[in-house]
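Q: Sequence order for the protein chains is P and E.
Residue 358, in numbering that gives the first Met the number 0, is where the first sequence stops; the numbers in between run on with no holes.
Residue 183, in numbering that gives the first Met the number 0, is where the second sequence stops; the numbers in between run on with no holes.
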Amino acid sequence: MTDTDASFDELRNLMNQAHRTFTGRDDVPAEIWMRVRSQIPQNPPTEIPPMETTLTQSPAYNVPPRSTPGRPSTISRYLNFAASVVIVAAIAFGGWFAALNLQPSRDNSNGLLGLAQSTPVAQTCDVEPLTVDQVMQIVKNPWEFGFSQLNPSTEFSGPEFTEVSLRPSTAEFDAATKTKPAEKDFEDAIAVANSYLACLPTASWGQVWALSDPVWVQSSILAHFPVFANESEVREFIEGRIDEPLSVDHNPLDDIYALADGQSIVANPDIGAALTIWPGNTSNSAMLFVAFGVLVTNDDGSIVLESNAEGESLEYQTGSSRQRPTIVVGQSSADGSWYIAPWLSSYAALWEYQYATGE
Amino acid sequence: MAHNGIDPSMEDDAIVQRARKNVDDFAPLYDRYALSMYRWMCRETGDAELAADLTAQVFVQALQRLHQYDPRRGATFRAWLFAIARNLLRDSWRRYKPGPLLAELVDQRPGPEELALHRTLMDDVRAALEALPERQRETIELRLAGLTHREIAEIQGTSENAVRMAQSRAMKTLRVLLHQGVKT
């Protein structure tokens, strides 16, 4: 046994002892298996193929498979997926309308057309989508483009399909230095934030990836591969997804899909409601982030919801949703570009979850 | 837990074959890995209830996707299962706020005086793990969960040597940190 082995065994013993002290037990709570069993039908679906079947697609779930002619099972899966999207979208729309206590639209406006005249906004998604080759390049080495010091690991060694996970270090953000943004940073960042908001309802994954931090792009793609993924599998996955619209269940701000008729949403254009975040020497290190609240308005310019970067409601219409999206944009240390940090952009994600208020 | 007459020593893949036809035949695999999974989730979340929920979700996903497991791709069932857990944890970081460090919770609990030294050391171990680079930390966590270097290499998409090196570096760092006392 090596010294490292002995140290590791010692560490394992300590951790197991910590677990016993923490949970007061040395086994697994019985209710876990009961929870599992309650969610799985007694008899597995009969269409489950035998083990001998070759895995022909990524093991991801909720992933729209490619439409390959001559493969009825693929079409069937596609229809199932589409049906799921419709159901989820319907639920999201219903929840939004209920929260707002408003009637649904009849003219199917995308919610961005009736924006108040004085509010800056990208009204349509005109972002050039990434190509498959560009996405592949990002997957191979996102640090060439993105927040290169986001994860300071030095073990990444180039074009291999190795993901280093992003750990949304909300605690670090909470403790980070926050200041009023410089005007230039604010203007650059809010343009990206508004492009993102404008694109979310209709964008393809290729467009969303173009706006998002490349390290997140890599992470979100490779997360669909439980085991080592080879290049052809990853390429196939990207090809199958790049033109697909961002579905509701993949959208961190899914209620934005469901703005009522004439309503629009933009990043809060008040610089006083934004924050520059300097995470300092952390896993989110060395980068500059700008966080925004949102401004939701009716077509007459009246405010439905206004929030700040800390997810606090500055104003909201009676009966409106109290969800307070936070949009976080970071600047690439590689090329100075601004990218959305999707893992930090959510409903008051940076702060509200600090206090474990749940979803 | 009843195992439907399945020999508990049966290989994972053989149990998977049976579980595809009868979900209850999955029980031996659950028994085999649930504790290490639950411990891992407790370490990651610092929240016993959340850890139980995530552990359940891992096994639900595994059962739902059991037909996708293919041993010929080189991954063992255990590596496949913990890869699911790893992905689930990553997804969950966006939705859940990690709780206080396990050791902090331990520290808050009144306990026998003779355990005080252990608690202090566990505080340091826990904080030292947090201080590791992500890859090294994950390597240690997966090793603590019982995975082999090869299995971790499969999950991380790297080589066994890289995993061994990450573990070695991590242990050296841990030794220094534990020796110095970790400041958090």
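Glycine included, C-beta positions come from ideal geometry on N, C-alpha and C.
Note that the coordinates shown come from a computational prediction; the quantities given were computed from them, not determined experimentally.
#1: Which partner residues of residue 330 of chain P appear in the DSSP bridge assignment?
#2: Can you find the residues in the same chain that come closer than 7 Å, C-beta to C-beta, to residue 207 of chain P, ignoring five residues on each side of it along the sequence?
#3: Could you work out which residue in E:129, E:30, E:84 is closest to residue 151 of chain E when comparing CA atoms only?
#4: Which term fits residue 211 of chain P, buried or exposed, when burial requires 16 or more other beta carbons within 10 angstroms of its beta carbon?
#5: Have a look at P:325, P:128, P:178 and flag the residue whose alpha-carbon is nearest the alpha-carbon of residue 275 of chain P.
#6: Where residue 236 of chain P and residue 135 of chain P are concerned, what is the direct C-alpha to C-alpha distance, given to the nearest angstrom?
#7: Quick check: is the beta carbon of residue 241 of chain P nearer than 8 Å to any beta carbon in chain E?
#8: If you pair each beta-carbon of the stretch 43 to 54 of chain E with each one of the stretch 21 to 31 of chain E, do three or more pairs fall below 8 Å?
#9: Any beta carbon of chain P sitting closer than 8 Å to that of residue 172 of chain E?
#10: Between the stretch 4 to 24 of chain P and chain C, which residues of the former have CB atoms less than 8 Å from a CB of the latter, in chain order?
#11: Would you decide whether residue 170 of chain E is buried or exposed? Buried here means 16 or more other CB atoms lie within 10 Å of its CB.
#12: Using the C-alpha atoms, what's the distance from residue 301 of chain P back to residue 295 of chain P?
#13: How would you call residue 5 of chain P, buried or exposed, if buried means at least 16 neighbouring beta carbons within 10 angstroms?
#14: Based on DSSP bridge pairs, tell me the residues matched to residue 176 of chain P.
#15: Are the C-beta of residue 58 of chain E and some C-beta of chain P separated by less than 8 Å?
#16: Compare the C-alpha of residue 270 of chain P against each of P:307, P:303, P:298, P:242 and name the closest.
#17: Just the C-alpha distance for residue 35 of chain P and residue 128 of chain P, rounded to the nearest angstrom, thanks.
#18: So what does DSSP say about residue 181 of chain P, is it helix, strand or coil?
#19: Alpha carbon to alpha carbon, how far is residue 30 of chain P from residue 10 of chain P?
#20: May I ask you to list the residues that DSSP assigns as paired with residue 289 of chain P?
#21: Of all the options P:176, P:202, P:262, P:324, which has the alpha carbon lying nearest to the alpha carbon of residue 299 of chain P?
#22: Could you round the C-beta distance between residue 148 of chain E and residue 159 of chain E to whole angstroms and report it? I think they count as a contact, below 8 Å.
#23: List, in order along the chain, the chain P residues whose C-beta lies closer than 7 Å to that of residue 13 of chain E?
#24: Which class does residue 28 of chain P belong to by DSSP, given the choice of helix, strand or coil?
#25: Under the assumption that residue 138 of chain E contacts residue 175 of chain E (Cβ atoms under 8 Å), give the Cβ distance between them as a whole number of angstroms.
#26: Using a cut-off of 7 Å between C-beta atoms, extract the partners of residue 34 of chain P located in chain E.
#27: Less than 8 Å separating the beta-carbons of residue 87 of chain E and residue 53 of chain E?
#28: Can you list, in chain order, the residues of its chain whose CB lies under 6 Å from that of residue 240 of chain P, leaving out five sequence neighbours each side?
#29: Just how far apart, CA to CA, sit residue 14 of chain P and residue 201 of chain P?
#30: In chain order, what residues of the same chain lie with their CB nearer than 6 Å to the CB of residue 153 of chain E, ignoring the 5 residues before and after it?
#31: Indicate whether at least one CB of chain P lies closer than 8 Å to the CB of residue 38 of chain E.
#32: Rounded to the nearest angstrom, what separates residue 291 of chain P and residue 272 of chain P at their Cα positions?
A: Based on what the coordinates show:
#1: P:337
#2: 198, 245
#3: E:84
#4: buried
#5: P:178
#6: 10 Å
#7: no
#8: no
#9: no
#10: In the structure shown, chain C cannot be found, because the protein chains are P and E.
#11: buried
#12: 9 Å
#13: exposed
#14: P:277
#15: yes
#16: P:307
#17: 40 Å
#18: coil
#19: 29 Å
#20: P:275, P:328
#21: P:262
#22: 5 Å
#23: Near residue 13 of chain E there are no residues of chain P at all, since even the closest Cβ is about 10 Å away, more than 7 Å.
#24: coil
#25: Actually they are not in contact, since the Cβ atoms of residue 138 of chain E and residue 175 of chain E sit about 17 Å apart, beyond 8 Å.
#26: 55
#27: yes
#28: 204
#29: 47 Å
#30: 74, 78
#31: yes
#32: 7 Å
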